[in-house]
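Undergrad: Under UniProt numbering, the sequence shown is numbered contiguously, ending at residue 245. For every residue, glycine included, the Cβ atom is placed at its ideal position computed from N, Cα and C. After the structure tokens below, expect a handful of questions from me.
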Amino acid sequence: VFSPLSKIFPKFQHKISIIKGEISLPDLGISADDKVKILEKVNVIYNIAATVRFDEKITTATKINIRATRDLLKIAGQCKHLESFIHVSTAYTNCNQEEIHEIFYKPPITADELIEMVETMPEEVLLTKTREILGDWPNTYTFTKAIAENAVKEHSKNLPVCLIRPAIVIATYKEPLRSWIDNLYGATGIVVGAGTGLLKTLHCDKKKSAEVVPGDYVINSMIAASYKTAMDKNKEEVNIYNYVS
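Listed below in structure tokens is the structure:
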């Protein structure tokens with residue numbers, strides 16, 4: 001994967017600094033020393049890390065997808081040289097809507113309220129009430145990603161923030177390698193299963209189309225959005241982009 005990059009920038013790894021952390025922990029589990037480095041040196045933040053399991057426990061999904069987003073925004077607010085903060089959501093956060101526009105939707109519960117519930121209520125109680133909490137959402141993934149957008153809205157005041165909602169991400173089109181992918185999630189698993197003969201039938205609605213986008217196109221859109229956000233950082237509202245096929 002890194003061979004093409006090595007040909008262009010032979011010592012690219014010298015520009016990479018690894019920060020140890022754990023996004024399920026408060027403040028992302030980042031040490032005080034590493035936090036100082038971030039505050040002093042970081043210009044652009046891409047908030048991509050998430051749990052994408054549809055059957056994830058509501059407690060775990062809230063800590064990773066919502067609280068980590070809120071805590072990272074708080075860190076971003078202290079960065080001395082921040083140019084842009086890009087939050088990567090999903091086109092399916094508001095899947096309970098007939099049409100999804102490039103706006104913030106009012107959540108059934110705020111990010112801060114759900115975080116407080118997870119931090120104060122017994123886990124077994126929350127697990128028994130998960131279906132009730134989800135409401136119109138089909139799973140904890142889409143639900144917590146939707147509430148994470150509320151965290152972005154409420155905790156991005158005076159920050160150069162942008163929100164991107166990509167569709168289902170599939171293999172790359174061209175970069176760094178043509179058709180490269182490292183997992184069998186979602187649509188990729190279906191294609192591989194059908195191609196190898198393991199998947200014989202698939203129950204679906206033939207009137208519906210699958211919204212899929214190549215991984216490198218998503219990355220390109222993130223880079224373009226971060227540049228535009230930096231250029232428009234005096235704007236008060238958060239730019240939202242639905243990136244679908």
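#1: Phenylalanine 54 bridges to which residues according to DSSP?
#2: Just the C-alpha distance for glutamate 237 and lysine 207, rounded to the nearest angstrom, thanks.
#3: For the segment 157–170 and the segment 83–96, state whether three or more C-beta atom pairs, one from each stretch, are separated by less than 8 Å.
#4: Evaluate the contact criterion for the segment 172–181 versus the segment 210–220: three or more CB pairs, one atom per stretch, below 8 Å.
#5: Do you know offhand how far glutamate 113's Cα is from lysine 11's?
#6: Answer with buried or exposed for cysteine 204, where buried requires no fewer than 16 other C-beta atoms within 10 angstroms of its C-beta.
#7: Is tyrosine 173 close to chain B? Criterion is C-beta to C-beta, closer than 8 Å.
#8: Hey, would you say asparagine 239 sits closer than 8 Å to isoleucine 100, going by beta carbons?
#9: Reducing DSSP to helix, strand and coil, say where phenylalanine 85 ends up.
#10: Quick check on the DSSP output: the alpha helix (DSSP H) that includes asparagine 220 runs from which residue to which?
#11: Give me the Cα-Cα distance between glutamate 40 and serine 226, rounded to the nearest whole angstrom.
#12: Once the 5 residues before and after valine 218 are set aside, which same chain residues still bring their CB inside 6 Å of it?
#13: For serine 84, count neighbouring Cβ atoms within 10 angstroms of its own Cβ and tell me buried if that reaches 16, exposed if not.
#14: So the beta strand (DSSP E) arginine 67 belongs to, where does it begin and stop?
#15: Excluding the 5 residues preceding and the 5 following aspartate 71 in the sequence, name in chain order all residues of the same chain whose CB lies nearer than 8 Å to its CB.
#16: Excluding sequence positions up to five away, which residues of its chain have a Cβ less than 6 Å from the Cβ of glutamate 102?
#17: Hey, out of Leu5, Lys35, Lys7, Phe9, whose CA is closest to isoleucine 19's CA?
#18: For phenylalanine 143, count the other beta carbons within 10 Å of its own beta carbon; 16 or more makes it buried, fewer makes it exposed. Which is it?
TA: Short version:
#1: In the sequence shown, residue 54 corresponds to position 54, counting from 1. According to DSSP, which records beta bridges pairwise, phenylalanine 54 is partnered with nothing at all.
#2: Here residue 237 refers to the residue found at position 237 when the sequence shown is read from its first residue. Here residue 207 refers to the residue found at position 207 when the sequence shown is read from its first residue. If you take the alpha carbons of glutamate 237 and lysine 207, they lie about 36 Å apart.
#3: yes
#4: yes
#5: For the purposes of this step, residue 113 is identified with residue 113 of the sequence shown, where counting begins at 1. For the purposes of this step, residue 11 is identified with residue 11 of the sequence shown, where counting begins at 1. Straight-line Cα distance between these residues: approximately 46 Å.
#6: Position 204 of the sequence shown holds residue 204. That one is exposed.
#7: You won't find chain B in this structure, because it holds only one protein chain.
#8: Here residue 239 is taken as the residue at index 239 of the sequence shown, counted from 1. Here residue 100 is taken as the residue at index 100 of the sequence shown, counted from 1. Going by C-beta atoms, asparagine 239 is not nearer than 8 Å to isoleucine 100.
#9: Along the sequence shown, read from residue 1 onward, the residue named residue 85 stands at position 85. Here phenylalanine 85 sits in strand by DSSP.
#10: Stepping through the sequence shown from its first residue, residue 220 is reached at position 220. Note, asparagine 220: alpha helix (DSSP H), 215–231.
#11: Along the sequence shown, read from residue 1 onward, the residue named residue 40 stands at position 40. Along the sequence shown, read from residue 1 onward, the residue named residue 226 stands at position 226. Going from the Cα of glutamate 40 to the Cα of serine 226 covers about 19 Å.
#12: Position 218 of the sequence shown, counted from the start, is the residue given in the question as residue 218. Closer than 6 Å at the Cβ level, and outside the excluded window around valine 218, lie Pro166, Val169.
#13: In the sequence shown, counting from the first residue as 1, residue 84 sits at position 84. The residue is buried, with at least 16 neighbouring Cβ atoms inside 10 Å.
#14: For the purposes of this step, residue 67 is taken as residue 67 along the sequence shown, with counting starting at 1. That residue, arginine 67, is in no beta strand (DSSP E); it is neither H nor E in DSSP.
#15: As a first step, residue 71 must be located in the sequence shown, where it is residue number 71. Once the five neighbours on either side are set aside, the close Cβ partners of aspartate 71 are Pro26, Asp27, Leu28.
#16: For this step, residue 102 is matched to residue 102 along the sequence shown. Result list for glutamate 102: Ile240, Asn242, in chain order.
#17: Taking the first residue of the sequence shown as 1, we reach residue 19 at position 19. Comparing Cα-Cα distances from isoleucine 19 to each of Leu5, Lys35, Lys7, Phe9, the minimum goes to Lys35.
#18: To locate residue 143, count along the sequence shown from 1; it is residue 143. Flag for phenylalanine 143 reads buried.
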